[in-house]
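Letter by letter, the sequence shown follows residues 290 to 401 of this note's numbering.
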Amino acid sequence: FSFESFLKSNDTVSSAEHGKQATFLVSNSEPGKLVLILYGTEYGASREIAEKLAEELQEEDMRPRVINMKDHKAIDLSQEQALLIVCSTAGDGVPPTEAKGFYDWANSNSAA
């Protein structure tokens with residue numbers, strides 16, 4: 290079972306709209322697999338990569354949403370079908386400032 294076969298399967302679940310936190314939102318009335326792309330960036334490169342990835346996924350009839358990691362608390366990850374993370378690091382692997390909250394949450398017991 291691969292990520293690609295999962296994305297191309299006909300299984301669907303509903304997803305809540307994420308409103309203004311989303312920088313790229315595809316209508317929930319369209320067919321296709323929901324894919325959430327979270328990005329963390331200091332200077333914008335990861336956001337640009339995430340948006341290009343979303344464009345590629347749209348061409349494959351997916352429904353991507355690109356959201357900054359700083360807005361992760363507004364997302365119910367248990368309702369997502371697929372999650373892709375695009376994140377830069379600085380120095381010795383330090384997460385970008387806007388991604389620090391998500392990084393801390395993901396490494397905590399509450400993420401389990």
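Beta carbons are placed, not taken as given, at the ideal position from N, Cα and C, and that holds for glycine.
Every unbroken beta strand (DSSP E) within the segment 317-381, with a cutoff of 3 residues, ordered by chain: Qualifying beta strand (DSSP E) stretches, in chain order: 323-329, 352-357, 372-376.
Around the Cβ of Ser367, are there at least 16 other Cβ atoms within 10 angstroms (buried) or fewer (exposed)? Exposed, since its Cβ has fewer than 16 Cβ neighbours within 10 Å.
Candidates Ala400, Asp360, Gly380, of which the one nearest Gly329 by Cα: Looking from the CA of Gly329, the closest CA among Ala400, Asp360, Gly380 belongs to Asp360.
Between which two residues does the alpha helix (DSSP H) carrying Ala395 extend? Unbroken alpha helix (DSSP H) run through Ala395: 389-395.
Taking C-beta to C-beta, are Glu369 and Leu325 nearer than 7 Å? Contact: yes.
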